[in-house]
Amino acid sequence: MNGWPDIQQKMFEDWWKLVATAMPNLQANATTPPMEAWLSDALDQWRTYAQQWSSAFPSDFAPGFMPQFADVTRVALEQFLASQQQSIQLMAMTGQAWQAIMRGATTPDEWPKALQAYVEQLRQQLNGSMDAFKTMQSSAELWQRYTDEMGKLGQPWLTHWLHLQQQAGQPSDPRQAAAAGAVKLTNLFWDTFNQSAGRLLGAPSLGLTREFSEKLNRSFLLWQAHQKADLDYQLLIGNTWLDAFAAFMQKLLAMAYAGEIITQQEKLLDLWVEVADKQFIEVFHADAFAQLQSTYINSSMALRRQQRELAEVWLRMHDLPTRSDLDAAHQAIFELRQEVKAMKKALRAQVPVVAAMPTPEPVAKPIKRRTAKPKVANVRANGAGKGIEGK
Amino acid sequence: MFPFPMQPATMLENLQEMQRNAAVGIENLSKLREADIHIGTAAKQAVYREDKLVLYRYEPVVKNPLPIPLLISYALVNRPYMVDLQEDRSLVRNLLKLGIDVYLIDWGYPGPTERWLTLNDYINGYIDSCVDVMRAKHGVDKINLLGICQGGTFSLCYAALHPEKLQNLITMVTPVDFHVEGTAGCGLLNSWVRGLDADLLVDTLGNIPGAFMNFGYLMLRPFALNVGKYTTLPAIAADEAKLLNFLRMEKWIFDSPDQAGEAWRQFIKDFYQGNKLITGEVEIGGSRVDLRQITMPVLNLYAEQDHLVPPASSLALQAYVGTADYTVQAFPAGHIGMYVSGKVQKDLPPLLATWLKART
């Protein structure tokens, strides 16, 4: 634990030096590193320290962060570490914004305008980066991205495939394999397509490839729809975040005008949490947000289901069980269990009637004996075999 | 004028204090094991099991408890031990002390074979089985039912379908009108769920993952619940008792069972999207749920600052039930505060017990 306070203290002092360079009465030091460098350095130090700290604990369980901790404790601690990271990032953002405002304003009256200009600049950056995605409408580009992303699904089989290649004396390094054209086989869909096409090369067309192509095309379309929904959603969240940050900075400016001082680091974070939640909740209440979020989730589900259908084609081709097979088995178990329950219930309802009836003698399977004539014997209800008395 | 509204010297001093707390806190944290986080510790016995459901009876702590026992039906979305989170924050213990004979349904964790469980299985199956077990065990025709949150909605359906088996019905933070509009973060779930394709979700995922549900709840206060709450951890962790309180709550929040797919599908479509409970269009096991059939006394308890179930959603009940004996009571708390707030736990159990005793 001893290193943590030192790291925090140094981080804070460096940050303050940076903020101070933006003060009108202080000259910026030409050697002072930019805020981005401070943030990067601070986060690196924080992560390094967190890792060192976790490795100091004995790891006598499964690999993971602080594995000897209770699960709940571990999660709470991870959340705390994450919140500290956010705190560092918030300090960097705040300092950066403050520097920009001070650079753009010569008197306090100009601060709001400078803040607005700064936020607007950030917004243009955000929207511009999203536009870059949106303008990528070429089907070749989109298809390339789609296959790149979907290819990840093929990774579990890649290892096996490379192993086979190695056995056959072919290159096993993925980069070499790629150079040899093997990279195509890391893509689940191309792999499946090639294999199905290859298998069916000499066979009459029975529609199997047509079905697969239809699935593949549909998956591509769903992926495109999801990409759009994803971008729209991210854009809204991004802009809301900027609005929240602008509101937060306005609060700080208002405090500066009023001569109010924040005395605790966590109060800065508390202020951010309060302002950001308010801003986000306002957006969350809008119908437009509910619609965008639903579209995002629905498109994600549609794509996921279609991916599974494609994966099932591949699995069936390799005689492996699919999710649909498992679902069918689970459903059968469920229905049988329901039937048994219903029968037991019906039986219980009949208990008084059955109890009043004479108990029938249990009948056992006749046993063949060489020396004696087979007899029907009494069997104890709980002991098959044991109850047979050869008399 | 010093334009930056922060004072580095005091902030640094405060930071050092926080670090001292954190050092003690981390020591405390590192000693803890899962087994140290005790929850649901009131003495109880399993009296009935069906599939993954377990019906518990809490050991009475008074000589002659009320002859008509109380069944608690909790929501499916979190674990029911919230009603007995810890010794000094326990609705169950408080009710036991007041002479109530308490039973609790533990729904268990649905797995792949429970994906096909419907609302009919939960309401006409599980709840009805538990009610029958209690009736037989106590030799009574009717029992008292307390439904909490979604468990309250289930209880309303059950009460409408089997009014002859209930002496009294209590609903707590129970959604009734699913289309009330909220403000300031209240009632967001109602609007968020409206556009979801429930069929697509269930057909894709089968059971709906608890983590998916939890994500939705955490997004209702994205920064406070994901960031702000944890900044105080060093200070909390320095005090072992406070730390355990914090961790018990954390455990409960993230102990979210998956939702049985078919039941979730119907709940979303009929209740959240169709708002059919108040129009009498919900069908359970082939029978329509008509809230006018609820003729037994009803006590409706709600939280004034409930952001999950807007008060207006719970308050709507009065307009639809058929009972002539309807009581409503607000408490100055949020959704979770109803079980763990010291003030609420001082007032709510006595009110509930008095109300029940007057109707037994």
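Sequences listed follow chains A and B, in order. With my numbering applied, the first sequence corresponds to residues 233 to 623, in that order. With my numbering applied, the second sequence corresponds to residues 14 to 373, in that order. Think of the CB as a built atom: it goes at the ideal place given N, C-alpha and C, for glycine as much as any other residue.
Check                                                                                                                 : Outcome
The stretch 529–540 of chain A contacting the stretch 214–232 of chain B, beta-carbon criterion three pairs below 8 Å : yes
Beta-ladder partner(s) of N157(B), from DSSP                                                                          : L83(B) and N181(B)
Separation of N41(B) from A254(B), as counted between CA atoms                                                        : 10 Å
Length of the line joining the Cα atoms of R555(A) and E544(A)                                                        : 8 Å
Contacts that E342(A) makes with chain B (C-beta to C-beta distance below 7 Å)                                        : The premise fails here: E342(A) is roughly 12 Å from chain B at the closest Cβ pair, so nothing lies under 7 Å.
C-beta atoms of L201(B) and F516(A) nearer than 9 Å                                                                   : yes
Own chain residues within Cβ distance below 6 Å of V75(B), not counting five before or after                          : G112
Neighbourhood of L396(A) by C-beta, 8 Å cutoff - its chain only, sequence neighbours within 5 removed                 : Here L396(A) scores only 44 on pLDDT, less than 50, and its place in the model should not be relied on; the value that follows carries that caveat. Around L396(A): no qualifying Cβ.
Under 9 Å by beta carbon: chain A residues contacting D210(B)                                                         : S526, I529, N530, M533 and A534
Cβ-based burial, K345(A) [other Cβ within 10 Å; buried from 16]                                                       : exposed
Contact with chain A by A197(B), beta-carbon distance below 9 Å                                                       : yes
Partners in chain A for R207(B), counting only beta-carbon separations shorter than 7 Å                               : A522
Counted within 10 angstroms of its Cβ, other Cβ atoms place T184(B) as buried (16 or more) or exposed                 : buried
Among D551(A), S526(A), K577(A) and M481(A), the one whose alpha carbon lies nearest that of A324(A)                  : M481(A)
First and last residue of the uninterrupted beta strand (DSSP E) at R70(B)                                            : L66 to Y71
Alpha-carbon to alpha-carbon, N107(B) and P362(B)                                                                     : 6 Å
Three-state class that DSSP yields for Y315(B) in the structure shown                                                 : strand
Collapsed DSSP secondary structure at V60(B) in the structure displayed                                               : strand
Within 9 Å, strictly: CB atoms of S300(B) and Y171(B)                                                                 : no
Assigned exposure category for Q58(B) - 16 Cβ within 10 Å defines buried                                              : exposed
Of the residues S445(A), V505(A), L454(A) and L501(A), the one placed nearest A237(B), counting alpha carbons only    : V505(A)
Beta-carbon proximity list for L347(A), same chain, < 6 Å, skipping 5 on both sides                                   : I333 and M481
9 Å Cβ cutoff, D502(A) in contact with chain B                                                                        : yes
Delimiting residues of the alpha helix (DSSP H) encompassing Y230(B)                                                  : G223 to L231
Extent of the continuous beta strand (DSSP E) run through T340(B)                                                     : Y339 to F344
Beta carbon proximity, A508(A) to chain B, threshold 9 Å                                                              : yes
Rounded C-alpha distance that separates Q563(A) from H550(A)                                                          : 24 Å
Y116(B) - DSSP class collapsed to helix/strand/coil                                                                   : strand
Test item: CB-CB of Y71(B) and A55(B) under 9 Å                                                                       : yes
Near-chain A residues of the stretch 226–244 of chain B (beta-carbon distance less than 7 Å), N- to C-terminal order  : R234, P235, F236, A237, V240, G241, Y243 and T244
Test: F516(A) CB closer than 9 Å to a CB of chain B                                                                   : yes
Interface residues of chain A facing L213(B) [CB-CB closer than 8 Å]                                                  : N530, M533, A534 and R537
Where S300(B) falls: helix, strand or coil (DSSP)                                                                     : strand
Test: R569(A) CB closer than 9 Å to a CB of chain B                                                                   : yes
Cβ-Cβ distance between C162(B) and V90(B) below 9 Å                                                                   : yes
Chain B within 9 Å of V545(A), Cβ atoms only                                                                          : no
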